[in-house]
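>
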Amino acid sequence: MKPELEKLVTRARTLFDDLDLEAVRSWKNAMPDRKAIGHLPVWAPRELIWAAGMLPVSVLGGGDRLEIIRGDAYFQSYICHFPRSTVELALSGRLDALDGMLFPSICDVIRNLSGMWQMLFPDLYVRYLDLPQNFDLEVGGRFWRHELEALMRDLEALAGRPISEDDLRLSIAAFAANRHAVHRLYQARSREPWLFPADEMYIVLRAGCVLPPDEHTELVERYLELAPGEAERQRQDRSRIVVAGMFCEQPPLGLLLTLERAGCFIVDDDLFLALRWPEIEVEITDPPLDGLIEAFLRQGALSASVYQPDGKRGAWLVESVERNHAEGVIFCAPSFCDPALLEQPMLVAALDESSVPHTQFKYSEDTGQFAAIREQAGTFADSIRLWGEA
Amino acid sequence: MPDVAPSQKEQSMLLQKEMISGHYDALARAKDEGKKVVYTFVPGNLTELMRSFDILPNLPEINALQSGMRKLSGGYISEAEKHGHSEDVCTYVKCDIGMLKKGNIGPTGVKLPEPDLLLLSYTGCFTFMKWFELLRQEYDCPVAMLHIPYQGDGKVHDHYRGYVIEQLETEVIPKLEAVTGRAFDQDRLRASLALSAAAEDDLVYVLESARHRPSPIDAYFGGVYYIGPIFSAFRGTEEGAAYYRALRREIDQRVAAGQGPVTPEGELETERFRLVIEGPPNWTSFREFWKMFYDEGAVVVASTYTKVGGLYDRGFRHDPDNPLATLADYCMGCYTNLSLPARVDLVEQYVRDYAADGFLINSVKSCNSFSVGQLLMLRQLEDRTGLPGGFIESDLVDPRYFSAANIKNRIESYLQMIEQKRTAGPAA
Amino acid sequence: MDVCVGIDLGSTTTKAVILDSSQREIGRGITNSRSNYEVASSIAREQAFVQARFNLTHQALSEDSRLADLEERFLPVLERNFRIQHYLEQLQRLEAALLQAAVAPRHRDQRRNIEPVLETILAAMAGRAPALFGALAVRKSEFFRDLAAADYMQLAEEAADPKGVTFDTLSSLFDQAILPVENTGGSKALEALIDSALDTTLVALATRLSNDIELLRRAVETARAVRIDEVASVGTGYGRQRLPFPKEQIRSEILCHGLGAHTMFPDTRTVLDIGGQDTKAIQVDERGIVTSFQMNDRCAAGCGRYLGYIADEMNLGVHELGPLAQQSTFHVKINSTCTVFAGAELRERLSLGQRREDILAGLHRAIILRAMSLLARSGGISSEFTFTGGVARNPAAVDALQHLVNDNYGEQEINISPESIFTGALGAALFAHRTAREAA
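Residue numbers (the working numbering), protein chains in the order written: chain A, 21 to 410; chain B, 96 to 523; chain C, 153 to 592.
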């Protein structure tokens, strides 16, 4: 690997390994009175946090590197792994750099976790973010405006300064640029997946969870320039697949690696929705909040946590398969993930209707054994290849 | 709600049985009689509104729990799993889907009609949303989505109420009008809401009778019968109001006679333990589960499950003068829509108000809305009340998740611990 | 004398403890639980009564100053002789059962050949009995099944003839025969054996103790004549519902463990018990009264049985796992303690080149992590902390627990009694004592 890319990847890897949020701490320490606000998956209006001069931090659990000592005490065995490691991170002081925590309404686990946070950390700013499930601008839009305005008032109080319209415009523009860079990376990988190994791209994107938007945009753009320059990244023939179900509890890196080694190229996924939503352009309006509200309402149900009013659950997945010339879909959902697992039969139906092959398995963020997954993904990759040739 | 009634039947129970089977019969005849059928959920149900359009509600949750009590749920769940549903997810959903795949024969043996509309009143449970998205694939019918904001910070804010009212006006009512071809009749709604309020008064009176010693009712196992009509199709109806008047009279008689609760094993003669229970019951072994408490002389004096369809004992009444606002407040106030800290407050209050000896949590695998955070509730409640808490695990309707020996062991251990502490007196 | 009995029907072993009227333990017994709890309970109880009888004898001898110095030479011999005779008696029953099993039609062709082979093996086993219970003998187990199996299998291997009576035939006969032998017991016959052991002992020691023989005999007979009245009994443990006890004589094992641990270590506030089928975290007050408890959920992940599966998978004895794990030098993180997947996980890790001892150390830590979360659920760890149950005898589990306790609750000693397997039975006996006192 050329030194420049190696340096970039090492930096991303350090951020990925940084369970103590050292990067957030040093960002805060660089200037007096800086604050950081955490949020859980899948999405939060990071623009508002950044506009208040605070750093939005996407908290994605403890992965497979964290030993769970306290976190298990709060969760029965039939609840997913994500809240265990998140509570473990918090109780062990690893999230102390965060001055507040937002809990978006994506499932009952995260919903109730917001209440647990209120009880476990009574001095911390905790807010449940009820994302609208009514997408009418006059109805859901009005509700969402109230919610965002209340959140803004809270953030202003925390930051000790008002959020001006210019602050908000600048912030919206910074995140639009970041989404644009992330989008370009997804497109580039879809075109030439051998240039962007799945585990490497994962940590480059994941860096966006803790970095200020401009810094992350720069990192992604640089990565887009450097990755194709690696001589050994030659065109390869593997099965092109879309992975679905990983929007909240993160897969271990080993799982992504295993999929690739089993003969798959991941050409699209539902990771990092926090960095990718809304997929449509946020217009800089006057006042700027309007554009943000509208974009959220118009983005469509890309994740299981958003209601699909027209009954076309899975349309985005079929569309992604077509757009990315994928040959199949792997449902890769965390054990006990209600939204992902409940919607799987609907996605399967949508794929079957379009004759897209698919397979499925479950994981948890600390899965350590990939033999069965390798076997299954390998068989799937081979079979769609045969299918394609037939 | 369930109709496998205690052997020693009270008059009200016979009445309830008639009402419920009558409702299933009405559902079976609905299409012939030109009636419209709407599928909807218990928490946040808009029964008065539906009734004002002469719509018959059908409640998949109730069908699932009835299937559980009739030992049909295991087969239905396997059927749904055969169709690709994960073993990890809610068994109410799988029981419903399995029943549908096997011909949609309702719990009383008559075929259920297809829905004319799915009314997705999305209160306190994310699974509801997925459930009706799944049903939407089976039935080509419209869905009315009613997003009920969660009381994340323990409050109902004005803009929440406004949001729900606007959704009623722009989404729910227009779709009910379209399906029935009738105009919304506010006066009919008001009349129905007045009947609701009367029944609610009587229900609260019954639930609060558990403050007596001995308690004349079991507010969990018996409680699920008492909430049956008002949580399902009978809120806001004459029949419902009459049922609760009769029930109230019956309970008054038990109090006057100093009698304990009626159970399937007979009347509980000696009240040894007074408990508060958090969490839904198990339906597949409902009677066996109840007997474990009966055998030890334990009576449940208050429960949270009996509040999933409305927290009437905390003061809420349907208000005929503000029909849409009251429906909004009702939806937002259901137990499953409360924040975790508010749930802890409520259970603590119950422990004190009902002079309980302890509290027990039945944690069900299916229901994350209930279960996530219950272990923290346990610790908090132990700290606040100074009483020991018990914790048992089962499921709603999946018979594979009811381990009788394990549960009995925990219940016995728990009650013996209370007994031991009681006989030993307070520690030095 | 009046005694109280506590019986703990565990999923793996059944224990009995006898207390006298001043709550002093005078006898205990233990046996494997088998499929028949009633038999297990009566065998453990019988053993405990025999031991109580020996204790009374011991008392009688030590009270007489003329016999006090004889006691040391006499009693251990008496006990050994008793055990040898008991063993021989069981061997006789085993022989009968084996011969009966050999009658089965599938052995018809070989029957004539089988019988002499069995007789030879059993004779050799009987010959080994005195050595097996010798003064310095080390036995891997105290259960007849284990002791007999070890000798039988070895002798069968030697006696087997690939062309005639094969080892497989012999070993399957044993598997058939051992069950009825194990499942008989519970008669008063055992106490009668004491008399014949006494005769043997006195004969054997006659020359060395010539003058005191009569004195001894009388002292022993006095002790034998004491009536032991069981005034109360309490059953507990996994299989307690199946004991032939009325409901009021049954106590939850949680309460019994709490009280038992309190008796063994009076300053105990937190008890962790890891048994075969379940793990319990218990908080007790200064009187041994349980104030809070948590048990593992319906799955047996992280319990003793899990270690059993691992041992089977590795072809090791359960007691060998801990010492092996202690040789680990590299930290392996195991995330799943699922019993069902234990074998597959183990094989995959071994195939990846991970060392057996490192994997084992990781497994022990994983089990203890599960216990830590139960402890946290029950209210944490307060001093003193007592660890009981079969897994408390596993040094690697104890090491892992010690580390995690120190890291999370500060430096703290862990009480572990070598007798901890009897904690539940002791607690049950104390409850029985309480019942008796209340009734009086």
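Every residue gets a Cβ at the ideal spot worked out from N, C-alpha and C, and that includes glycine.
What you are looking at is a predicted structure, and each value in this text was computed from that prediction instead of being measured.
According to DSSP, simplified to helix, strand and coil, what is C:S293?
Here residue 293 of chain C refers to the residue found at position 141 when the third sequence is read from its first residue. C:S293 falls in the coil class under three-state DSSP.
> When DSSP builds the beta bridges, which residues end up paired with A:Y383?
As a working note, residue 383 of chain A is residue 363 in the first sequence. A:P354, per the DSSP bridge assignment.
> Using a beta-carbon distance below 9 Å, is C:R501 in contact with chain A?
By one-based count along the third sequence, residue 501 of chain C stands at place 349. Yes, C:R501 counts as interfacial toward chain A.
> Could you check the C-alpha separation between A:F351 and B:D183 for me, to the nearest Å?
Counted from its first residue, the first sequence places residue 351 of chain A at position 331. Counted from its first residue, the second sequence places residue 183 of chain B at position 88. Roughly 15 Å separates the two Cα atoms.
> From the DSSP output, in three-state form, read off A:V121 for me.
Within the first sequence, the letter at position 101 stands for residue 121 of chain A. It should be noted that the sequence gives Met, not Val, for residue 121 of chain A. Strand.
> By the DSSP assignment, the beta strand (DSSP E) with C:E177 in it spans what residues?
To locate residue 177 of chain C, count along the third sequence from 1; it is residue 25. Unbroken beta strand (DSSP E) run through C:E177: 177-184.
> Tell me whether B:C236, by its Cβ, gets closer than 8 Å to a heavy atom of the ligand GTP.
In the structure shown, the ligand GTP is absent, as is every other ligand, since no ligand is present at all.
> In chain order, which beta strand (DSSP E) runs of at least 3 residues are fully inside the stretch 147-218 of chain B?
Counting whole runs of 3 or more residues, the stretch 147-218 of chain B contains the beta strand (DSSP E) stretches 151-153, 212-217.
> Applying the criterion that 16 or more other CB atoms from any shown protein chain within 10 Å of the CB defines a buried residue, is B:M96 buried or exposed?
For this step, residue 96 of chain B is matched to residue 1 along the second sequence. The pLDDT assigned to B:M96 is 49, lower than 50, so where the model puts this residue is not dependable, and the model offers no usable value.
> Please report how far the alpha carbon of A:A324 lies from the alpha carbon of A:L122, in whole angstroms.
Here residue 324 of chain A is taken as the residue at index 304 of the first sequence, counted from 1. Here residue 122 of chain A is taken as the residue at index 102 of the first sequence, counted from 1. One C-alpha to the other measures close to 19 Å.
> Which residues in chain C sit within 7 Å of A:A391, going by Cβ to Cβ distance?
Within the first sequence, the letter at position 371 stands for residue 391 of chain A. Near A:A391 (Cβ distances below 7 Å), the residues of chain C are E500.
> Can you name the start and end residues of the beta strand (DSSP E) that C:A281 belongs to?
Taking the first residue of the third sequence as 1, we reach residue 281 of chain C at position 129. That residue, C:A281, is in no beta strand (DSSP E); its alpha helix (DSSP H) goes 263-284.
> Helix, strand or coil: which one does DSSP assign to C:V436?
Translated into the one-based positions of the third sequence, residue 436 of chain C becomes position 284. Strand.
> How about the stretch 515-533 of chain C and the stretch 455-474 of chain C: do they share at least three Cβ pairs that are nearer than 8 Å?
Yes: at least three Cβ pairs fall under 8 Å.
> Any idea if C:R369 is buried or exposed, counting beta-carbon neighbours within 10 angstroms, 16 or more meaning buried?
Mapped onto the third sequence, residue 369 of chain C falls at position 217. Exposed: under 16 other Cβ atoms inside 10 Å.
> Can you confirm whether the stretch 299-311 of chain B touches the stretch 156-170 of chain B when touching is taken to mean that 3 or more C-beta pairs between the two stretches lie within less than 8 Å?
Cβ pair count under 8 Å is below three, so no.
> Give me the residue from A:R31, A:I192, A:K27, A:E24 with the minimum Cα distance to A:A307.
Numbered from 1 along the first sequence, position 287 holds the residue referred to as residue 307 of chain A. According to the sequence provided, residue 307 of chain A is Pro. The question's Ala does not apply to it. When only C-alpha atoms are compared, the closest one is A:I192.
> Check whether the stretch 373-392 of chain B and the stretch 310-319 of chain B touch, using three or more Cβ-Cβ pairs below 8 Å as the test.
Taking 8 Å as the limit for Cβ pairs, the verdict is that the stretch 310-319 of chain B does touch the stretch 373-392 of chain B.
> Run down chain A in chain order and give the residues with a C-beta less than 8 Å from the C-beta of B:K225.
Mapped onto the second sequence, residue 225 of chain B falls at position 130. Here the neighbours are A324, D358, P359, L362, E363.
> Roughly how far, in whole angstroms, is the beta-carbon of C:L424 from the beta-carbon of C:L325, given that I think they are within contact range, below 8 Å?
Translated into positions along the third sequence, residue 424 of chain C becomes position 272. Translated into positions along the third sequence, residue 325 of chain C becomes position 173. Actually they are not in contact, since the Cβ atoms of C:L424 and C:L325 sit about 43 Å apart, beyond 8 Å.
> Which of helix, strand or coil does DSSP assign to C:N448?
On the third sequence, position 296 is the one that residue 448 of chain C refers to. Correct three-state label for C:N448: coil.
> Along chain B, in chain order, which residues have C-beta atoms closer than 7 Å to that of A:A369?
Locating residue 369 of chain A in the first sequence gives position 349, where the first residue counts as 1. Here the neighbours are Q232.
> With a 10 Å radius around its C-beta and 16 neighbouring C-beta atoms as the bar for buried, classify C:S572 as buried or exposed.
Position 420 of the third sequence, counted from the start, is the residue given in the question as residue 572 of chain C. Buried, because 16 or more other Cβ atoms sit within 10 Å of the Cβ of C:S572.
> Only counting the same chain, and skipping five residues up and downstream in sequence, which positions put a Cβ closer than 7 Å to that of C:A549?
The residue given as residue 549 of chain C occupies position 397 in the third sequence. G474, H516, I519, I520, V543.
> Is A:H236 closer than 9 Å to A:V287 when the C-beta atoms are compared?
For this step, residue 287 of chain A is matched to residue 267 along the first sequence. For this step, residue 236 of chain A is matched to residue 216 along the first sequence. Not closer than 9 Å, so no.
> Check for me: the alpha helix (DSSP H) holding A:L140 runs from which residue to which?
Here residue 140 of chain A is taken as the residue at index 120 of the first sequence, counted from 1. 128-140 is the span of the alpha helix (DSSP H), which, as asked, contains A:L140.
> So what's B:R505 in DSSP terms, helix, strand or just coil?
Counting from 1 along the second sequence, the entry for residue 505 of chain B is found at position 410. Looking at B:R505 - three-state DSSP - the assignment turns out to be helix.
> Residues in its own chain within less than 7 Å of A:P103 by CB, not counting five upstream and five downstream?
Translated into the one-based positions of the first sequence, residue 103 of chain A becomes position 83. The residues are F95, V129, L133.
> Spatial neighbours of A:G388 within its chain, please: C-beta separation below 8 Å, excluding the five flanking residues on both sides.
Translated into the one-based positions of the first sequence, residue 388 of chain A becomes position 368. Correct list, in chain order: D84, P272, G274.
> Check whether the stretch 495-511 of chain C and the stretch 383-403 of chain C touch, using three or more Cβ-Cβ pairs below 8 Å as the test.
Output reads no: the stretch 383-403 of chain C does not touch the stretch 495-511 of chain C.
> Look at the Cβ atom of B:L215, then the Cβ atom of B:L241, and state whether they are nearer than 9 Å.
Residue 215 of chain B sits at position 120 when you count from the first residue of the second sequence. Residue 241 of chain B sits at position 146 when you count from the first residue of the second sequence. Yes, Cβ-Cβ distance for B:L215 and B:L241 is below 9 Å.
> Give a yes or no on whether the C-beta atoms belonging to A:I246 and A:E24 are separated by under 9 Å.
The residue labelled residue 246 of chain A in the question sits at position 226 within the first sequence. The residue labelled residue 24 of chain A in the question sits at position 4 within the first sequence. Before going further, note that residue 246 of chain A is Leu rather than Ile in the sequence given. It is a contact, given that the beta carbons lie within the stated cut-off.
> Under a three-way DSSP split, which group does B:C429 fall into?
Taking the second sequence and counting its residues from 1, one reaches residue 429 of chain B at position 334. Three-state result, B:C429: coil.
> Find the residues of chain C that neighbour B:Q547, judging by a C-beta separation of less than 8 Å, and give them in chain order.
One cannot answer for residue 547 of chain B here, as it falls past the ends of chain B, which runs 96 to 523.
> When you compare the stretch 145-154 of chain A with the stretch 235-249 of chain B, are there three or more beta-carbon pairs, one atom per stretch, that lie closer than 8 Å?
Verdict: yes, contact present.
> For B:I372, which residues does DSSP report across the bridge?
Mapped onto the second sequence, residue 372 of chain B falls at position 277. Bridge partners of B:I372: B:S398, B:L455.
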